[in-house]
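Numbering (this note's numbering), first residue to last: 853 to 1289.
Here's the structure we're looking at; comments come further down.
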Ligand SMILES: *Cc1c(COP(=O)(O)O)cnc(C)c1O
């Protein structure tokens, strides 16, 4: 048999494409929320089972030697068009491919991949594009583990970085990219919007304009990668604003029930094939059980995110008027004209994760958190249940005081992710918790 290493160049298998997969009716292109129930799966290939079985297997049997050779020719790129069949479960499997097909639909992406966690998705994408001596330009702040990965881990391999604040203007972004070009080859531009926990949006369109002006089209033009965990895939679709690759922690809104850990990457076939080669080599694919759960989650994604978004709008409008509340930092209440402009151009909704600043300090914030009865005291976000946490004492405990101050991570700050409960009940919970402060 051909050596396994050749399979590391694998494209997606063109297996089991349902003959009757309906993507449009007449001229009407079907909506993602409709396609989540059937796209990418043919019941006839699984004994008529309405839902796909979970394929617990490490490897796939070839019908005959010639088929195996043909698959490997596709896998290794000897013949264009990618693999025609499944080969080995570190490369892909039916459950993973169904989710990948469906995930891509939400952002009109040509292709998508799923990973064992958000961080393994981010790590696999970074390893695909960087080499020693390269520079990564990124918006700041980033998710803490992403900052560690770029600064400390890739730093060990001679990769450097330069950042700009999330809300930077086109001129400020341009100055940072100009300087980065003097430090080494700019391998990629990495964004996270909105920044956590400041909720400041990045102007993706401005980043793309600067990148396109500073780098000729071609292989040396750095891709723009964006972490869309907080608003995607419903409220922000960055590929339409100039980003090339979208990465996700699917643990959050996409998984949506706080019961699995997963990641994703979306983009053009060319970019995704490069990332797939790295995933095939290092084995960061999601397992079939979690892929099946994620598939189920995608069926209700629009329902859950819409309800959470409506709840958050009501809760924030109420919180803003309370005398014990100093400020509510929520995308629906932009604090500057520039942020309002980015919001109007990029977003179709304000999400359901925001920051609440109480009058007082840690004592008041802790009293509020300890009094909550519906909302649970936990980090993470995007689940069906409302969660509340204290960034200064929890997720951002190790951030130096100076940086905390710059990011407005005060002792009086509470981070809230609103779920799909009844909004009136949530308001009642926040009302009694404020009374306990
Ligand atoms: C949670 C999160 C991650 C990491 O995802 P995991 O699934 O926990 O590995 C990355 N980026 C953002 C913005 C996140 O919220």
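Quick reminder that beta carbons are idealized off the backbone N, C-alpha and C, glycines included.
This one's a predicted model, so the numbers in the text were calculated from it and none came from an experiment.
Around the C-beta of residue 1196, fewer than 16 other C-beta atoms lie within 10 Å, and the residue is accordingly described as exposed. Assignment of residue 1236 by DSSP, reduced to helix, strand and coil, places it in the coil class. Linking residue 1055 to residue 1068 through their CA atoms gives a straight-line distance of about 21 Å. The closest CA to that of residue 1204, considering only 1192, 1182, 1004 and 1216, is found on 1182. Cβ contact annotation for residue 983 (same chain, cutoff 6 Å, sequence separation greater than five): none. A direct Cα-to-Cα measurement between residue 963 and residue 1046 gives close to 24 Å. Within 6 Å of the C-beta of residue 971 there is at least one heavy atom belonging to ligand 1. Judged by DSSP secondary structure, residue 1189 falls within the alpha helix (DSSP H) whose first and last residues are 1189-1198. The beta-carbon distance between residue 1218 and residue 1268, rounded to whole angstroms, is 15 Å. This is too long to meet the 8 Å contact definition. A distance of 7 Å or more separates the beta carbons of residue 979 and residue 1129.
Your pair residue 1151 and residue 888 checks out as a contact, with CB atoms roughly 5 Å apart and the cut at 8 Å. In this model, residue 1071 and residue 1124 are separated by some 15 Å (Cα to Cα). Note on the stretch 1141-1226: whole beta strand (DSSP E) runs with a minimum of 3 residues are 1177-1181 and 1205-1210, in chain order. At the C-beta level, residue 1226 and residue 1116 stay beyond 7 Å of one another. Within the model, the alpha-carbon separation for residue 1239 versus residue 925 is close to 49 Å. Taking 8 Å as the upper bound for CB-CB distance, residue 1174 and residue 1286 are in contact here, some 6 Å apart. In this structure the stretch 1209-1224 does not touch the stretch 1086-1096; the number of beta carbon pairs closer than 8 Å is below three. Beta-bridge analysis with DSSP links residue 1038 to 987.
Counting only the Cα atoms, residue 1191 lies some 47 Å from residue 937. Residue state for residue 1077 is assigned as strand, using DSSP reduced to three classes.
Straight-line measurement puts the Cα of residue 1142 at about 7 Å from the Cα of residue 1112. DSSP places residue 921 in the helix class (H, G or I) of the three-state scheme.
Under the three-state reduction of DSSP output, residue 1121 falls in the helix class. If only complete runs of 4 or more residues are kept, the stretch 873-925 shows the alpha helix (DSSP H) at 884-887, in order along the chain. The beta carbons of residue 1160 and residue 1272 sit closer together than 7 Å. By a beta-carbon distance limit of 8 Å, residue 1014 contacts residue 1035. Their separation comes to about 7 Å. The beta carbon of residue 1105 sits no closer than 6 Å to any heavy atom of ligand 1. Three or more Cβ pairs drawn from the stretch 936-951 and the stretch 898-912 lie within less than 8 Å of each other, which places the two stretches in contact. Between residue 1165 and residue 1155, the alpha-carbon positions lie close to 16 Å from each other.
If you draw a straight line from the Cα of residue 916 to the Cα of residue 1184, it is about 59 Å long.
Going by C-alpha positions, residue 1236 is about 25 Å away from residue 1198. In terms of CA proximity to residue 897, 873 leads the group 1074, 878, 873 and 1248. About 10 Å separates the CB atoms of residue 1177 and residue 1168; that is not less than 8 Å, and the two are not in contact. Residue pairing by DSSP places residue 1229 opposite 1240 in a beta bridge. Remark: the shortest separation between the CB of residue 1042 and any heavy atom of ligand 1 does not fall under 6 Å. Proximity of the beta carbon of residue 1079 to ligand 1 is indicated: a heavy atom of the ligand is located closer than 6 Å.
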